[in-house]
Amino acid sequence: MPHRFPLNTDKAPNAVLEVILRLKVKDAMSKTIFSAKKNDNLRQIQHIMRDKGVTGIPILEDDRLIGMISVNDIISALDYGYINEPADNYMTKSLIVLEDDMPLSFAVSYFDKYPYRRFPVINKEKKFVGMISSRDVLSALLHELNNEITELENKLNNGRNDVPGSITREYSIQKFDFENAGKASFELKKILKGLNASRQVVRRASVASYELEINIAIHSNGGKMRFEIDESNIIIEAVDFGPGIEDVDLVVQEGYSTANEWIRSMGFGAGMGLSNTKRVADEFEIQSELGKGTHIKSIIYLGGRDEA
Amino acid sequence: MKLSSLAEKTGLKILTNSETDPEIESGYTSDLLSDVMANAEEGSVLVTIQAHKNSVAVASQFDLPAIVICNGRSVPQEVIDTAEGEGIAIAQTKDNQFEISYKIKKAIMENAL
Numbered sequence: 001m002p003h004r005f006p007l008n009t010d011k012a013p014n015a016v017l018e019v020i021l022r023l024k025v026k027d028a029m030s031k032t033i034f035s036a037k038k039n040d041n042l043r044q045i046q047h048i049m050r051d052k053g054v055t056g057i058p059i060l061e062d063d064r065l066i067g068m069i070s071v072n073d074i075i076s077a078l079d080y081g082y083i084n085e086p087a088d089n090y091m092t093k094s095l096i097v098l099e100d101d102m103p104l105s106f107a108v109s110y111f112d113k114y115p116y117r118r119f120p121v122i123n124k125e126k127k128f129v130g131m132i133s134s135r136d137v138l139s140a141l142l143h144e145l146n147n148e149i150t151e152l153e154n155k156l157n158n159g160r161n162d163v164p165g166s167i168t169r170e171y172s173i174q175k176f177d178f179e180n181a182g183k184a185s186f187e188l189k190k191i192l193k194g195l196n197a198s199r200q201v202v203r204r205a206s207v208a209s210y211e212l213e214i215n216i217a218i219h220s221n222g223g224k225m226r227f228e229i230d231e232s233n234i235i236i237e238a239v240d241f242g243p244g245i246e247d248v249d250l251v252v253q254e255g256y257s258t259a260n261e262w263i264r265s266m267g268f269g270a271g272m273g274l275s276n277t278k279r280v281a282d283e284f285e286i287q288s289e290l291g292k293g294t295h296i297k298s299i300i301y302l303g304g305r306d307e308a
Numbered sequence: 309m310k311l312s313s314l315a316e317k318t319g320l321k322i323l324t325n326s327e328t329d330p331e332i333e334s335g336y337t338s339d340l341l342s343d344v345m346a347n348a349e350e351g352s353v354l355v356t357i358q359a360h361k362n363s364v365a366v367a368s369q370f371d372l373p374a375i376v377i378c379n380g381r382s383v384p385q386e387v388i389d390t391a392e393g394e395g396i397a398i399a400q401t402k403d404n405q406f407e408i409s410y411k412i413k414k415a416i417m418e419n420a421l
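Here the protein sequences line up with chains A and B, keeping their order. Residue 1 is where the first sequence starts when you use my numbering, and the numbers rise one by one after that. Residue 309 is where the second sequence starts when you use my numbering, and the numbers rise one by one after that.
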């Protein structure tokens, strides 16, 4: 009995089923692949395995997959003394492959059906495009389920405690989750448009909310965006779980930034976030404690500014 | 002016499907998203080298109907898919930010005549 993949597709809850049908093999597969040619000898392939820490090497001719060499093939070659011979004679040629557009559920059932730990992936044109291991499947599933559950939690928490004349919303923001950063702000924009707030007010609230939301993703260990809208105020709060800010006066200065190189390369971290937020807000408060976290509250008057 | 005719005049290659052909009123050129949020006018095309999903999110949040990616930088398919979902057009150019900004401004002004 091969080791079963630990997911029973018949009994899984709808959210899980939905995820493994929506995700495609190409969303989970590894695209950085070390391959070899049929005339490469098994010794060379063994060295690729050793240097790159992989246990299966696809053998390609142009973009086409013509075979696989596994660690077991290498062990046999060492055992029987043909390690210096070309891959062509010893590679597995009848291969079980997945197509990149198949739902991830196919991969799950393949791991169930066959004893292999990884499958090559080809596209519609039969070109080799990647490899998928059970580890790839699990991390793609975890990532997607995390998003799914965050969304479900947000739905559950929101709308329940609204009192007449007031709307409250709360959204969890994960560290470095640039994929979803901005979603909470987009919800706020929808609510404000629904309330017929003026364009300037929507814009100022969007700046404050988006900057604070991105800040949680960039700088904190994760946190929450909280919106409270009553008859006269839009209260936008960002609460995070650390690491806290040493000098809060310094961080609201324009141009001050602690962002690293890759964050900057994405167009964030220019040191404009908090100064922008402060500028658009009618009221602005920041509290922070090192090791605990930061709480920023910005209020924008729903009726706009007195433009005197 | 429509993005499609702007593209014809300036040599932009539109990557999103033709369903999204917004009206472009003006433009804003920046690679800093905070700067875009603070200063880009609604209805502007965003001229940038930031070919990732956060540019799309900022464009969507601040009503910038199109993004032009400069220097021939490649745009990942998932970014194009996200943009289509948000109704934001993405176009690509081999020009740098300075050159394409000039061409876009010129085309918009000529169109207004």
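A virtual CB, placed ideally from N, CA and C, is assigned to each residue, including glycine.
How would you label residue i, buried or exposed, when you count the other beta carbons within 10 angstroms and need 16 or more for buried?
i	result
residue 263 of chain A	buried
residue 46 of chain A	buried
residue 249 of chain A	exposed
residue 417 of chain B	exposed
residue 420 of chain B	exposed
residue 196 of chain A	exposed
residue 153 of chain A	exposed
residue 183 of chain A	buried
residue 163 of chain A	exposed
residue 58 of chain A	buried
residue 73 of chain A	buried
residue 390 of chain B	buried
residue 189 of chain A	buried
residue 49 of chain A	buried
residue 110 of chain A	buried
Answer with yes or no whether the minimum CB distance from residue i to chain A is below 8 Å.
i	result
residue 325 of chain B	no
residue 362 of chain B	yes
residue 317 of chain B	no
residue 399 of chain B	no
residue 309 of chain B	no
residue 409 of chain B	no
residue 354 of chain B	no
residue 382 of chain B	no
residue 313 of chain B	no
residue 339 of chain B	yes
residue 334 of chain B	no
residue 342 of chain B	yes
residue 369 of chain B	yes
residue 420 of chain B	no
residue 417 of chain B	no
residue 358 of chain B	yes
residue 348 of chain B	no
Let me make sure I understand the geometry here. Which of the options has the alpha-carbon closest to that of residue i?
i	options	result
residue 135 of chain A	A/187, A/25, A/77	A/25
residue 402 of chain B	B/335, B/381, B/385	B/381
residue 411 of chain B	B/357, B/319, B/399	B/319
residue 506 of chain B	B/360, B/369, B/368	No statement about residue 506 of chain B is possible, as the shown extent of chain B runs from 309 to 421 and does not include it.
residue 102 of chain A	A/95, A/94, A/91, A/120	A/120
residue 288 of chain A	A/273, A/229, A/270, A/241	A/241
residue 372 of chain B	B/312, B/409, B/314, B/331	B/331
residue 98 of chain A	A/35, A/30, A/36, A/88	A/30
residue 375 of chain A	A/193, A/108, A/219, A/206	Outside the shown range of chain A, which is 1 to 308, sits residue 375 of chain A, and nothing can be said about it.
residue 351 of chain B	B/340, B/364, B/374, B/317	B/374
residue 362 of chain B	A/109, A/177, A/290, A/156	A/177
residue 200 of chain A	B/389, B/370, B/387, B/406	B/370
residue 272 of chain A	B/313, B/345, B/334, B/335	B/345
residue 409 of chain B	B/309, B/310, B/334	B/334
residue 310 of chain B	B/338, B/399, B/406	B/399
residue 252 of chain A	A/246, A/269, A/275, A/266	A/275
Under 8 Å between C-beta atoms, does residue i make it to chain B?
i	result
residue 308 of chain A	Residue confidence for residue 308 of chain A is low, a pLDDT of 41 falling below 50, so the modelled location carries little weight and cannot support an answer.
residue 210 of chain A	yes
residue 187 of chain A	no
residue 303 of chain A	no
residue 207 of chain A	yes
residue 179 of chain A	yes
residue 244 of chain A	no
residue 225 of chain A	no
residue 106 of chain A	no
residue 123 of chain A	no
residue 281 of chain A	no
residue 130 of chain A	no
Run through the segment 268-298 of chain A for me and flag every whole beta strand (DSSP E) of 3 or more residues, listed as ranges in chain order.
-> 283-289
Fully enclosed by the segment 76-128 of chain A, which alpha helix (DSSP H) runs are 4 residues long or longer?
-> 104-113
Hey, is the segment 256-275 of chain A in contact with the segment 316-327 of chain B, meaning 3+ C-beta pairs nearer than 8 Å?
-> no
For the segment 207-265 of chain A, which segments carrying the beta strand (DSSP E) assignment without a break, of at least 3 residues, lie completely within its bounds, in sequence order?
-> 223-229, 233-240
At what residue ranges does the segment 10-78 of chain A contain a whole run of the alpha helix (DSSP H), taking only runs of 4 or more?
-> 14-22, 25-28, 42-52
Complete runs of the alpha helix (DSSP H) confined to the segment 326-411 of chain B [at least 4 residues] = 341-347, 361-369, 385-394
The segment 15-29 of chain A contacting the segment 67-74 of chain A, beta-carbon criterion three pairs below 8 Å = no
Kindly confirm or deny that the segment 231-240 of chain A and the segment 286-304 of chain A touch, where touching means at least three C-beta pairs closer than 8 Å.
-> yes
Using 8 Å as the Cβ pair cut-off and three pairs as the minimum, do the segment 167-175 of chain A and the segment 141-157 of chain A touch?
-> Result yes; three or more Cβ-Cβ pairs closer than 8 Å.
Run through the segment 133-196 of chain A for me and flag every whole beta strand (DSSP E) of 3 or more residues, listed as ranges in chain order.
-> Here the runs fully enclosed are 167-173.
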